[in-house]
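Working notes, structure below.
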Amino acid sequence: MNGHMNARPYFDVFYEAGDLACRDLGLGMSYLEEGHSVFTGDFHITYVREVRAGGSLTVATRVLDLDARRFVFHQEMIDDRDGALAATAEQLQLNVGVASRKVEPFRPEVFERLQKVQRSPDAGPPRNVGRAASLMVRAPAR
2 MNGHMNARPY
12 FDVFYEAGDL
22 ACRDLGLGMS
32 YLEEGHSVFT
42 GDFHITYVRE
52 VRAGGSLTVA
62 TRVLDLDARR
72 FVFHQEMIDD
82 RDGALAATAE
92 QLQLNVGVAS
102 RKVEPFRPEV
112 FERLQKVQRS
122 PDAGPPRNVG
132 RAASLMVRAP
142 AR
């Protein structure tokens, strides 16, 4: 409508990239057929710059952090026109038993696979990690 990509397509692009990363990690249909799934517990996007409608994008998805029952994807959306960072996203994924509908520990081989691809803490924090929306009221200057 206004010549740029609106909020919903950003979500869709990040969600699809996260879904593909889950499948690559063995957390797709076969995982579901074994009685497990990952549910999204949190998802937030930081918009860095405008993306024009119809533009070509690349999304890099990394496992940022994990514990026995959860992991966090950090994603960077790159505008292919000039290689600039357009947006980032973080997704908290929960390992859920399909029958129990409760969060449960990953099977050992799944946890090991996630550990192997986890971003090294030595690499430093990625861009825009841990950001939250805020309209913090600041005290007036004295």
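The opening residue of the sequence shown carries number 2 in the working numbering; numbering runs sequentially from there.
All C-beta atoms, glycine included, are put in the ideal place defined by N, C-alpha and C.
Output needed for residue i: all residues of its chain with C-beta closer than 6 Å, excluding positions within five of it in sequence on either side, in chain order.
i, result
"Phe44", "Gln92"
"Phe107", "Asn96"
"Ser57", "Asp81"
"Phe40", "Leu95 and Val97"
"Leu8", "Before going on, a small fix: residue 8 reads as Ala here, not Leu. Same-chain partners within the cutoff: there are none."
Distance, Cα to Cα, residue i vs residue j?
i, j, result
"Ile46", "Ala88", "7 Å"
"Thr59", "Gly125", "22 Å"
"Ala83", "Ala61", "The displayed chain sequence assigns Asp, not Ala, to residue 83. One C-alpha to the other measures close to 16 Å."
"Tyr48", "Gly36", "36 Å"
"Asp13", "Met6", "11 Å"
"Glu34", "Pro109", "17 Å"
"Tyr11", "Glu51", "11 Å"
Under the three-state reduction of DSSP, which class applies to residue i: helix, strand or coil?
i, result
"Leu115", "helix"
"Ala90", "strand"
"Arg9", "helix"
"Asp20", "helix"
"Phe15", "helix"
"Ser38", "strand"
"Glu110", "helix"
Should residue i go down as buried or exposed, given a rule of 16 or more other Cβ atoms within 10 Å for buried?
i, result
"Gly55", "exposed"
"Met1", "Since the first residue of the chain shown is 2 and the last is 143, residue 1 is not available in this structure."
"Ala85", "exposed"
When you compare the CB positions of residue i and residue j, do they come within less than 8 Å of one another, or not?
i, j, result
"Arg63", "Phe74", "yes"
"Leu26", "Pro127", "no"
"Val99", "Ser38", "yes"
"Arg53", "Gly4", "yes"
For residue i, which residues of its own chain have a beta-carbon under 8 Å away from its beta-carbon, when the five flanking residues on both sides are left out?
i, result
"Val130", "Leu65, His75, Thr89 and Glu91"
"Phe112", "Leu67, Ala69 and Pro106"
"Lys103", "Val97"
"Arg114", "Leu26 and Gly27"
"Val118", "Leu26, Arg63 and Val64"
Counting only the same chain and skipping the five closest in sequence on each side, list residues whose C-beta sits under 7 Å from that of residue i.
i, result
"Gly29", "Cys23"
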